[in-house]
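Visitor: Here this note's numbering is used: the first residue of the sequence shown is 358, the next is one more, and so on. Cβ coordinates follow ideal geometry from the N, Cα and C atoms, glycine included. Quick one: structure below, then a few questions.
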Amino acid sequence: MTLSATAALLLSNGEHTMSNRPKSTAALAAVLISIAAGSASAETARIFWKDLRPATQPAAESVGLPMIAAKMPDHGETLSLNLQDKTVQLAGYALPVDREDDLVYQFLLVPWTGACSHMPTPPPNQIVLVTPVRPYRMSEAYQPVSVTGALEPGMEKSQLFILDGVSVIQSGYTVRKAEVMDVDVVPDTITQPANSPWRFLNKKKN
Numbered sequence: 358m359t360l361s362a363t364a365a366l367l368l369s370n371g372e373h374t375m376s377n378r379p380k381s382t383a384a385l386a387a388v389l390i391s392i393a394a395g396s397a398s399a400e401t402a403r404i405f406w407k408d409l410r411p412a413t414q415p416a417a418e419s420v421g422l423p424m425i426a427a428k429m430p431d432h433g434e435t436l437s438l439n440l441q442d443k444t445v446q447l448a449g450y451a452l453p454v455d456r457e458d459d460l461v462y463q464f465l466l467v468p469w470t471g472a473c474s475h476m477p478t479p480p481p482n483q484i485v486l487v488t489p490v491r492p493y494r495m496s497e498a499y500q501p502v503s504v505t506g507a508l509e510p511g512m513e514k515s516q517l518f519i520l521d522g523v524s525v526i527q528s529g530y531t532v533r534k535a536e537v538m539d540v541d542v543v544p545d546t547i548t549q550p551a552n553s554p555w556r557f558l559n560k561k562k563n
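Have a look at this one:
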């Protein structure tokens, strides 16, 4: 029985067996209904990378990799405010920003392997800055993970240490206190075409 149904039953019982305390019963029912509504509003929405960009922005696979933010009218900075503060779940590839050995304290979540490091950076609305609720043990860069937490639109800049030096990466979204877990597959991953100079980054996860 759901909380709403339980509250309704208590309210009904209060009318018949507790007529001397109808206000107390009604108040209890109202609290239970409120809790049920709050629980429903906190449900996690599973989203995909296309949900983070405008419908008019072409997908990477339709314009050829990589997506070049500088060539876009808005430089890829148009964000989806419909998802603001909603609890979401998004799968992608983790690129460590702050780490100590194999413990990662902050990372960038990107839509394909090689992004930001071996190949040009995706638009800001295709990068999420993630701070795990607890240090996350990561065995490799671009490890496929699923991130769950409250999505906050807003530009952030991060320093990424790569082989060629330091790169400043601008992300369009942030998820703090995120729950992170390994996944085998990123559902909407983009695979580099056979003639791409970055085809060596194609990965098959067992």
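Short of 8 Å in beta carbon distance, which residues of its chain neighbour T401, apart from the five on each side in sequence? Order them along the chain.
Guide: T444, V445, Q446 and T505
Visitor: With distances taken Cα to Cα, identify the nearest neighbour of Y493 among P480, M429, V537 and P477.
Guide: Checked all of P480, M429, V537 and P477; the closest Cα to Y493 is V537.
Visitor: When we look at the beta-carbon of F599 and count the other beta-carbons within 10 Å, is it buried (16 or more) or exposed?
Guide: It is not possible to answer for residue 599, since the shown part of the chain is limited to 358 through 563.
Visitor: Rounding to the nearest angstrom, what Cα-Cα distance links V502 and A412 in this structure?
Guide: 25 Å
Visitor: I'd like to confirm the pairing. Which residues does DSSP put opposite M538 in its beta bridges?
Guide: S503
Visitor: Going by the beta-carbon positions, is the gap between V490 and V532 smaller than 8 Å?
Guide: no
Visitor: Taking the alpha-carbon positions, what's the E509 to Q441 distance?
Guide: 5 Å
Visitor: Which partner residues of R410 appear in the DSSP bridge assignment?
Guide: For R410, which the question treats as bridged, DSSP gives no partner whatsoever.
Visitor: Looking at the unbroken beta strand (DSSP E) that takes in T444, where does it start and where does it end?
Guide: Judged by DSSP secondary structure, T444 falls within the beta strand (DSSP E) whose first and last residues are T444 to E457.
Visitor: Any idea if G395 is buried or exposed, counting beta-carbon neighbours within 10 angstroms, 16 or more meaning buried?
Guide: Because the pLDDT at G395 is just 44, under 50, the model does not fix this residue reliably, and the point stays unresolved.
Visitor: Quick one: is A397 buried, meaning 16 or more other Cβ sit within 10 Å of its Cβ, or exposed?
Guide: For A397, the pLDDT reaches just 40, beneath the cut-off of 50, and the residue's location in the model is therefore unreliable, leaving the point undetermined.
Visitor: Which same chain residues end up closer than 8 Å to T435 when comparing Cβ atoms and leaving out the 5 residues on each side of it in sequence?
Guide: R410, P411, Q414 and N482
Visitor: May I have the straight-line CA-CA distance separating S528 from A448, to the nearest angstrom?
Guide: 16 Å
Visitor: Sorted by chain position, which residues of the same chain lie with C-beta nearer than 8 Å to P544's C-beta, five sequence neighbours on each side aside?
Guide: F405 and A448
Visitor: Between the beta-carbon of A541 and the beta-carbon of S496, is there less than 8 Å?
Guide: Checking the sequence, you will find Asp at residue 541 rather than Ala. In this structure, S496 does not lie closer than 8 Å to D541 by Cβ.
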